[in-house]
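**Q** Quick one: this structure, given as structure tokens, is what I'll be asking you about.
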Amino acid sequence: MKVVKGLYYSNDHEWVKVDGDEAYVGIADFAQEHLGDIVYVELPEVDDEFAKEEAFSVVESVKAASDIYLPVSGKVIAVNEALEDEPALLNADPYENWIIKIVLNDKAELDELMTSEDYEKFLAEEE
Amino acid sequence: MLTFKYRFNIVYIKIKRSDKVTAKKTPLYGEHVKLGGNVVDYAGWFLPVQYTGLIPEHEAVRNAAGIFDVSHMGEITVKGKDAVAFVDYLMTNDITKIVDNQIIYTLMCYPDGGVVDDLLVYRYENNYLYLVVNASNTGKDYAWILEHKGDFDVEIENISDSVGEVALQGPFAQKILQKLTDFDLDKIEFFHLQRDISVDGVNCMISRTGYTGEDGFEIYADNEGIVKVWNSVLEAGKEFGILPAGLGCRDTLRFEASLPLYGHEISQEITPLEGGFKYFVKLDKAADFIGKEALNKQWSEGLKRKLAGFELIGRGIAREGMEVQKDGVIIGHVTTGYMSPTLKKTIGNALLASEFTELGTEIEVMVRNKPVKAKVISKKFLKKK
Chain A
1 MKVVKGLYYS
11 NDHEWVKVDG
21 DEAYVGIADF
31 AQEHLGDIVY
41 VELPEVDDEF
51 AKEEAFSVVE
61 SVKAASDIYL
71 PVSGKVIAVN
81 EALEDEPALL
91 NADPYENWII
101 KIVLNDKAEL
111 DELMTSEDYE
121 KFLAEEE
Chain B
1001 MLTFKYRFNI
1011 VYIKIKRSDK
1021 VTAKKTPLYG
1031 EHVKLGGNVV
1041 DYAGWFLPVQ
1051 YTGLIPEHEA
1061 VRNAAGIFDV
1071 SHMGEITVKG
1081 KDAVAFVDYL
1091 MTNDITKIVD
1101 NQIIYTLMCY
1111 PDGGVVDDLL
1121 VYRYENNYLY
1131 LVVNASNTGK
1141 DYAWILEHKG
1151 DFDVEIENIS
1161 DSVGEVALQG
1171 PFAQKILQKL
1181 TDFDLDKIEF
1191 FHLQRDISVD
1201 GVNCMISRTG
1211 YTGEDGFEIY
1221 ADNEGIVKVW
1231 NSVLEAGKEF
1241 GILPAGLGCR
1251 DTLRFEASLP
1261 LYGHEISQEI
1271 TPLEGGFKYF
1281 VKLDKAADFI
1291 GKEALNKQWS
1301 EGLKRKLAGF
1311 ELIGRGIARE
1321 GMEVQKDGVI
1331 IGHVTTGYMS
1341 PTLKKTIGNA
1351 LLASEFTELG
1361 TEIEVMVRNK
1371 PVKAKVISKK
1381 FLKKK
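Sequence order for the protein chains is A and B.
Each residue of the first sequence is one higher than the one before, counting from 1 in this note's numbering.
Each residue of the second sequence is one higher than the one before, counting from 1001 in this note's numbering.
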């Protein structure tokens, strides 16, 4: 299972890549693998605001519709529109293909997430 | 019923900690694990949702072949002088019309016309019928059948635990199975069966039936024999591109082929007439049957709601349970919905107020509380080849 260094991870297998006061958010390799072939991604609108752990997107495989939760609170400043036409990009490379970019409300919230090292341990324990 | 609206961590528990003692293992459980199947608790059985992936498995069945473990299905035998008359009394279809070694699809109804189950009746002989029922309904069906035995001279037995079953489906199904038996499979016509066929040395009962819309066979053997059959078929099918196939594509395949799933298109609340399965309800058959009066009444008064097919025009995926509206008024709900792997479109079935079931009618499916445009199309999604 691929884990990219330098990102923050949630228990629900989302990742956060910090860029100053902003951050990209996506799903981890574990999530795309367990969802299977992704056939639809529902994106939020730019300027939507989400609380920590609120659902901001829905990723659907043939079988399942899964809510994706925002690990930290923030306001959407960009959405990855390429996913609307090609949802399978999330299977191809879940780290390259972010879902949204946000402005972080409170950078201190990042401390509650796992580092890549913690996340690797988390995956190992779960398996 | 399949429920897959989980969060990732729940999926994971289902896969890795699937040690709930209540679920039963089919004789093929060990094979699913060996093949890397994503095993979940389905209707009280540990079964794989998929092995390599739902879409490749779906495509293998449509274009080559797939094999499913369907050992969880229930088998109930009815033997005795009154076997045909008794089963005919329980069923909506005309059981007197089939001959030895023939099979009929039928519904079994409550007095109010709601459905107890849908099933296949295999006629071995006129005094020996073999019913194949849905796994989740086996206990209920068996109790229902026993309860209505009355004065019929029959012996009823639930033999589910001693029967293993696999379904070999797809255009190459016959070529693959023929490699393993001397019996000329051309002699088994659609919805017919043959007993005591040797499949790679295992004594089997074979029927040309299935739940995918493709040609294929369902193969029954004892619990030990079925493991050998499974492995022999996979080996024989290699050159044809066979894949082991899970519950995930079993549902998408049956859905595309307009085959109902109990609890969705038909149920205790949805009569077979509402579901659009009148062909299997012989209101004019000679004998009385349970539900006849209520179904006759429903039919003569006209259906208030009906099952319709639809295609989503707007973006999104319609899922089971979602509301359907017309001009802001609720007119029904989705019974099954998918991004169809074969048609690459979002399609579904919905139970709608009858006045909105005309082909071409524009409707709206409420996808997560937002209306998405859709239109009524024929339920026969899959064009016959």
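Where is the CB? At the ideal position from N, CA and C, for every residue including glycine.
Would you say B:Asp-1019 reaches chain A, if we count a Cβ-Cβ gap shorter than 7 Å as a contact?
**A** Counting from 1 along the second sequence, the entry for residue 1019 of chain B is found at position 19. Because the pLDDT at B:Asp-1019 is just 47, under 50, the model does not fix this residue reliably, and the point stays unresolved.
**Q** Could you tell me whether the Cβ of A:Val-62 comes closer than 7 Å to any Cβ of chain B?
**A** Within the first sequence, residue 62 of chain A is the residue found at index 62, counting from 1. Answer yes: the Cβ-Cβ gap between A:Val-62 and chain B drops below 7 Å somewhere.
**Q** For A:Lys-63, tell me which candidate among B:Phe-1277, B:Asp-1327, B:Cys-1249 and B:Val-1367 has the shortest Cα-Cα distance.
**A** Taking the first sequence and counting its residues from 1, one reaches residue 63 of chain A at position 63. Out of B:Phe-1277, B:Asp-1327, B:Cys-1249 and B:Val-1367, B:Cys-1249 has the C-alpha closest to the C-alpha of A:Lys-63.
**Q** Our contact map puts B:Ile-1331 next to B:Phe-1356 with C-beta atoms below 8 Å; I'd like the distance itself, whole angstroms only.
**A** Locating residue 1331 of chain B in the second sequence gives position 331, counting from the first residue. Locating residue 1356 of chain B in the second sequence gives position 356, counting from the first residue. Yes, B:Ile-1331 and B:Phe-1356 are in contact; Cβ-Cβ is about 5 Å, under 8 Å.
**Q** With distances taken between CB atoms, is the gap from B:Leu-1307 to B:Gly-1275 smaller than 7 Å?
**A** Within the second sequence, numbered from 1, the residue matching residue 1307 of chain B stands at position 307. Within the second sequence, numbered from 1, the residue matching residue 1275 of chain B stands at position 275. Result yes, Cβ atoms of B:Leu-1307 and B:Gly-1275 sit closer than 7 Å.
**Q** Please confirm whether A:Asn-91 and A:Ile-38 have their CB atoms less than 7 Å apart.
**A** Counted from its first residue, the first sequence places residue 91 of chain A at position 91. Counted from its first residue, the first sequence places residue 38 of chain A at position 38. Yes, these two residues count as a Cβ contact at 7 Å.
**Q** Looking only at its own chain, which residues have a Cβ that is under 7 Å from the Cβ of B:Val-1365, when we skip the five neighbours before and after it?
**A** Against the second sequence, residue 1365 of chain B aligns to sequence position 365. Excluding positions up to five away in sequence, the list reads Leu-1312, Ala-1318, Met-1322, Val-1324, Val-1334, Val-1372 and Ala-1374.
**Q** Could you tell me whether the Cβ atoms of B:Pro-1244 and B:Leu-1035 are closer together than 7 Å?
**A** Position 244 of the second sequence holds residue 1244 of chain B. Position 35 of the second sequence holds residue 1035 of chain B. Yes; because the gap between Cβ atoms is below 7 Å, this pair is in contact.
**Q** When you compare the CB of B:Gly-1337 with every CB in chain A, is at least one pair closer than 7 Å?
**A** The residue you call residue 1337 of chain B lines up with position 337 of the second sequence. No, B:Gly-1337 lies away from the interface with chain A (no Cβ there is under 7 Å from its Cβ).
**Q** So what's B:Thr-1252 in DSSP terms, helix, strand or just coil?
**A** What you label residue 1252 of chain B is simply residue 252 of the second sequence in a count that begins at 1. B:Thr-1252 falls in the helix class under three-state DSSP.
**Q** If B:Tyr-1142 and B:Ile-1076 are in contact, beta carbons under 8 Å, what's the gap, nearest whole angstrom?
**A** Position 142 of the second sequence, counted from the first residue, corresponds to residue 1142 of chain B. Position 76 of the second sequence, counted from the first residue, corresponds to residue 1076 of chain B. About 6 Å separates the two Cβ atoms, so the contact holds.
**Q** I need the boundaries of the beta strand (DSSP E) containing B:Tyr-1220, first residue and last residue.
**A** Within the second sequence, residue 1220 of chain B is the residue found at index 220, counting from 1. Where B:Tyr-1220 is concerned, the enclosing beta strand (DSSP E) starts and stops at 1216 to 1221.
**Q** Is the shortest distance between the beta-carbon of B:Leu-1352 and the beta-carbons of chain A less than 7 Å?
**A** Locating residue 1352 of chain B in the second sequence gives position 352, counting from the first residue. Chain A contact via Cβ: absent.
**Q** Name the residue from B:Ala-1287, B:Ser-1136 and B:Glu-1320 whose alpha carbon lies nearest to the alpha carbon of B:Ala-1350.
**A** For this step, residue 1350 of chain B is matched to residue 350 along the second sequence. Closest by alpha carbon: B:Glu-1320.
**Q** Of all the options B:Val-1061, B:Ser-1340 and B:Ile-1363, which has the alpha carbon lying nearest to the alpha carbon of B:Gln-1174?
**A** Your numbering for residue 1174 of chain B matches position 174 in the second sequence. The residue with the shortest Cα to Cα distance from B:Gln-1174 is B:Val-1061.
**Q** Apart from the five residues just before and just after B:Ile-1104, which ones in its own chain have a Cβ nearer than 6 Å to its Cβ?
**A** Counted from its first residue, the second sequence places residue 1104 of chain B at position 104. So the qualifying residues of the chain are Asn-1093, Ile-1098 and Val-1121.
**Q** List the residues of chain A whose Cβ lies closer than 8 Å to the Cβ of B:Leu-1054, in chain order.
**A** In the second sequence, counting from the first residue as 1, residue 1054 of chain B sits at position 54. The answer, in chain order, is Gly-36, Asp-37, Ser-61, Val-62 and Lys-63.
**Q** Hey, which unbroken runs of the alpha helix (DSSP H) at 4 residues or more fall wholly within the region 22 to 96 of chain A?
**A** 29 to 35, 82 to 85 and 89 to 92
**Q** From the DSSP output, which residues share a beta bridge with B:Gly-1074?
**A** To locate residue 1074 of chain B, count along the second sequence from 1; it is residue 74. For B:Gly-1074, which the question treats as bridged, DSSP gives the partners B:Val-1133.
**Q** For B:Thr-1106, list the residues DSSP reports as bridge partners.
**A** Working through the second sequence from its first residue, we reach residue 1106 of chain B at position 106. The partner list for B:Thr-1106 (beta bridge, DSSP) reads B:Leu-1119.
**Q** If contacts are defined as beta-carbon pairs under 8 Å, then B:Lys-1326 and B:Ile-1363 qualify, I think. What distance do you get, rounded to the angstrom?
**A** Sequence index remark: in the second sequence, residue 1326 of chain B carries index 326 (1-based). Sequence index remark: in the second sequence, residue 1363 of chain B carries index 363 (1-based). Indeed they touch by this definition, with Cβ atoms about 6 Å apart.
**Q** Along the alpha helix (DSSP H) that carries A:Ser-116, what are the first and last residues, could you check?
**A** Within the first sequence, numbered from 1, the residue matching residue 116 of chain A stands at position 116. Taken as a continuous stretch (DSSP letters only), the alpha helix (DSSP H) holding A:Ser-116 covers 116 to 126.
**Q** Given A:Asp-48, which residues of its chain have a CB within under 6 Å of its CB, disregarding the five upstream and five downstream residues?
**A** Translated into the one-based positions of the first sequence, residue 48 of chain A becomes position 48. Answer for A:Asp-48: Val-76, listed in chain order.
**Q** By the three-class DSSP mapping on this structure, what secondary structure does A:Asp-19 have?
**A** Position 19 of the first sequence, counting from 1, holds the residue named residue 19 of chain A. Of the three classes helix, strand and coil, the one that applies to A:Asp-19 here is strand, per DSSP.
**Q** Nearest chain A C-beta to B:Ile-1159 closer than 7 Å, yes or no?
**A** Reading the second sequence from its first residue, position 159 is the one you call residue 1159 of chain B. No, its Cβ sits nowhere closer than 7 Å to a Cβ of chain A.
**Q** Taking Cβ-Cβ distances below 9 Å as the criterion, which residues of the region 37 to 52 of chain A are in contact with chain B?
**A** Asp-37, Val-39, Tyr-40 and Glu-42
**Q** Whose CA, out of B:Ser-1162, B:Leu-1054, B:Leu-1343 and B:Ile-1156, lies closest to the CA of B:Asp-1222?
**A** On the second sequence, residue 1222 of chain B is found 222 positions in, with the first residue counted as 1. The shortest Cα separation from B:Asp-1222 among B:Ser-1162, B:Leu-1054, B:Leu-1343 and B:Ile-1156 belongs to B:Ser-1162.
**Q** Does DSSP classify B:Tyr-1006 as helix, strand or coil?
**A** Your numbering for residue 1006 of chain B matches position 6 in the second sequence. Residue placement at B:Tyr-1006 cannot be trusted, given a pLDDT of 35 that sits under 50; what the coordinates show is reported in the next sentence. The answer is coil: DSSP assigns B:Tyr-1006 none of H, G, I, E or B.
**Q** List the residues of chain A whose Cβ lies closer than 9 Å to the Cβ of B:Pro-1371, in chain order.
**A** Against the second sequence, residue 1371 of chain B aligns to sequence position 371. Those do not exist, as B:Pro-1371 stays about 14 Å from chain A at its closest Cβ, beyond 9 Å.
**Q** Pull up the distance between the alpha-carbon of B:Tyr-1110 and that of B:Phe-1152, whole angstroms please.
**A** Translated into positions along the second sequence, residue 1110 of chain B becomes position 110. Translated into positions along the second sequence, residue 1152 of chain B becomes position 152. Each residue's alpha carbon lies about 19 Å from the other.
**Q** For B:Gly-1248, decide whether its Cβ has a neighbour in chain A, counting only Cβ atoms nearer than 7 Å.
**A** Start at 1 with the first residue of the second sequence, and residue 1248 of chain B comes out as number 248. So yes, B:Gly-1248 belongs to the interface.
**Q** Along chain B, which residues have their Cβ under 9 Å away from the Cβ of A:Val-4?
**A** Residue 4 of chain A sits at position 4 when you count from the first residue of the first sequence. Against chain B, a Cβ distance below 9 Å from A:Val-4 picks out nothing, because the smallest value is about 17 Å.
**Q** Report the CB separation of A:Leu-43 from A:Glu-84 in whole angstroms; it is logged as a contact under 8 Å.
**A** Along the first sequence, read from residue 1 onward, the residue named residue 43 of chain A stands at position 43. Along the first sequence, read from residue 1 onward, the residue named residue 84 of chain A stands at position 84. 7 Å between Cβ atoms; contact.
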